[in-house]
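S.K.: Got a structure here, written out as structure tokens. Questions coming.
Protein chains: 2
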Amino acid sequence: MDKRLIEAVELFEDVMVFGTERVLKNVKADVWQEYSLEQIQVLKLISKNGPLTAGIIADLQGVHKSAISNRLKKLEDKDLIEIVKSEEDQRTKLVDLTDAGLNVLKESDQAVYAYIHNLFSNHVKDDELDNFLIMFRKIKSILKLEGERE
Amino acid sequence: MDKRLIEAVELFEDVMVFGTERVLKNVKADVWQEYSLEQIQVLKLISKNGPLTAGIIADLQGVHKSAISNRLKKLEDKDLIEIVKSEEDQRTKLVDLTDAGLNVLKESDQAVYAYIHNLFSNHVKDDELDNFLIMFRKIKSILKLEGERE
DNA sequence: CTATTTAGTTTAGGGGGTAAACTATAAAAG
DNA sequence: CTTTTATAGTTTACCCCCTAAACTAAATAG
Chain A
4 MDKRLIEAVE LFEDVMVFGT ERVLKNVKAD VWQEYSLEQI QVLKLISKNG
54 PLTAGIIADL QGVHKSAISN RLKKLEDKDL IEIVKSEEDQ RTKLVDLTDA
104 GLNVLKESDQ AVYAYIHNLF SNHVKDDELD NFLIMFRKIK SILKLEGERE
Chain B
4 MDKRLIEAVE LFEDVMVFGT ERVLKNVKAD VWQEYSLEQI QVLKLISKNG
54 PLTAGIIADL QGVHKSAISN RLKKLEDKDL IEIVKSEEDQ RTKLVDLTDA
104 GLNVLKESDQ AVYAYIHNLF SNHVKDDELD NFLIMFRKIK SILKLEGERE
């Protein structure tokens, strides 16, 4: 098991770290010239679970609340989100998407989807696909990503 | 195939994009407080293929040459690399690692390895490992990452 | 010898991030 | 009810990332 485990670790790092960079560089999405991936990720989180508070977004993105504060300011300036005070707690702000924000997210999602779909269609045979699903479900479980998509 | 392909695309995005973030955030390496991942990636590229020119490093990292110029300056200031002029072309500079650079790379590699090794040991059964290797070799081939590691 | 190309640098302006210090508000303690 | 503590979010300094344009110096092409 040792030698195979060593290879698995190296492959995992190659694919997850360098492969992800490659994928992100290869996706063609105009909106990625205007908005950073982190900004789009905020839109995605709100689209899925919104409206959200800045604190929850910070938790979900795994960054300091000050990073989120600055990010939300930029997204608000770009009219992709709207922020309202919570009725229960005047300190708390609730962030939701605007129509423009939804459109940006949609365009990004479509580009990512198209690229990955093309990758799979051209390189993965039908009988390999089941193995793929099994393995990626496994990895997702290992990395505890269940909360990301319901 | 359609529905499975849709799930595969979604899983791929979840695992590759969000999963990679999760992995990188979970790895505990002191050197990652001092040096950015991109800086360490330079060290890794040089360690593997060095000495390298700035232009080649830019190509390998997929960024603009000005980004590399600035990055190499920081790495030189931190004594992790040494830069010498090429004998054949006075415009060209060759970048190599110092002992300190090798040490930083070693510490980072060990931390990543330990984390991923632990992940696999705790979650992946022996009979799943072969499937893992097959799938990750496949993904690596799809993403054309062969040049990353020999 | 002149014009063009190439390797790398510098700079402006965009983004990311942390942490400390801060304001305003809510909750807890007395 | 008042004071203290905790919390939500903001601001700022300082680090990193990046692109693109403009630049210098050297090599190459004609």
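Residue numbers (my numbering), protein chains in the order written: chain A, 4 to 153; chain B, 4 to 153.
All C-beta atoms, glycine included, are put in the ideal place defined by N, C-alpha and C.
When the cut-off is 8 Å and only beta carbons count, does B:Glu-110 lie next to chain A?
M.R.: It does not; no Cβ of chain A falls within 8 Å.
S.K.: Is A:His-120 close to chain B, meaning its C-beta is less than 8 Å from at least one C-beta of that chain?
M.R.: yes
S.K.: For the stretch 49-62 of chain A against the stretch 89-106 of chain A, are there 3 or more C-beta pairs whose distance is under 8 Å?
M.R.: yes
S.K.: What residue from B:Ser-39, B:Leu-132 and B:Ile-145 has the CA that sits closest to A:Ser-124's CA?
M.R.: B:Ile-145
S.K.: Reducing DSSP to helix, strand and coil, say where B:Thr-56 ends up.
M.R.: strand
S.K.: With a threshold of 8 Å between beta-carbons, can A:Lys-51 be considered close to chain B, or not?
M.R.: It does not; no Cβ of chain B falls within 8 Å.
S.K.: Quick one: Cα of A:Glu-153 to Cα of B:Arg-25, how far?
M.R.: For A:Glu-153, the pLDDT reaches just 36, beneath the cut-off of 50, and the residue's location in the model is therefore unreliable, leaving the point undetermined.
S.K.: Does A:Glu-91 get closer than 8 Å to chain B when you measure Cβ to Cβ?
M.R.: no
S.K.: When the cut-off is 8 Å and only beta carbons count, does B:Thr-101 lie next to chain A?
M.R.: no
S.K.: Roughly how many angstroms separate the alpha carbons of B:Ala-32 and A:Val-20, rounded to a whole number?
M.R.: 16 Å
S.K.: State the Cα-Cα distance for the pair B:Ser-50 and B:Asp-112, rounded to the nearest angstrom.
M.R.: 12 Å
S.K.: Is there a C-beta anywhere in chain B that falls below 8 Å from the one on A:Lys-143?
M.R.: yes
S.K.: What does A:Gly-58 reach in chain B if we use C-beta pairs closer than 8 Å?
M.R.: The premise fails here: A:Gly-58 is roughly 18 Å from chain B at the closest Cβ pair, so nothing lies under 8 Å.
S.K.: Between A:Lys-147 and the rest of its own chain, which residues show a CB-CB distance below 6 Å, the 5 nearest in sequence each way excluded?
M.R.: Closer than 6 Å at Cβ, skipping near neighbours: no residue.
S.K.: I need the boundaries of the beta strand (DSSP E) containing B:Glu-85, first residue and last residue.
M.R.: 84-88
S.K.: Can you check which of these residues, B:Val-30, B:Asn-134 and B:Val-45, is closest to B:Lys-76 by C-alpha distance?
M.R.: It is B:Val-45 whose Cα lies nearest to the Cα of B:Lys-76.
S.K.: Spatial neighbours of A:Lys-68 within its chain, please: CB distance less than 8 Å, with the 5 preceding and 5 following residues excluded, ordered by chain position.
M.R.: Ala-57, Gly-58 and Ala-61
S.K.: In terms of alpha-carbon separation, which member of B:Glu-10, B:Asn-73, B:Arg-7 and B:Lys-28 lies closest to B:Arg-118?
M.R.: The sequence given here has Tyr at residue 118 of chain B, not Arg. Comparing Cα positions, the closest option is B:Lys-28.
S.K.: Could you tell me whether the Cβ of B:Asn-106 comes closer than 8 Å to any Cβ of chain A?
M.R.: no
S.K.: Taking Cβ-Cβ distances shorter than 7 Å, what residues in chain A pair up with B:Arg-140?
M.R.: Chain-order list of chain A residues neighbouring B:Arg-140: Leu-14, by C-beta distance under 7 Å.
S.K.: Give the range of the beta strand (DSSP E) segment to which A:Leu-146 is assigned.
M.R.: Per DSSP, A:Leu-146 belongs to no beta strand (DSSP E) and is neither H nor E.
S.K.: Is there a Cβ of chain B sitting closer than 8 Å to that of A:Val-20, yes or no?
M.R.: yes
S.K.: Is A:Ile-43 near A:Leu-105, with beta carbons less than 8 Å apart?
M.R.: no
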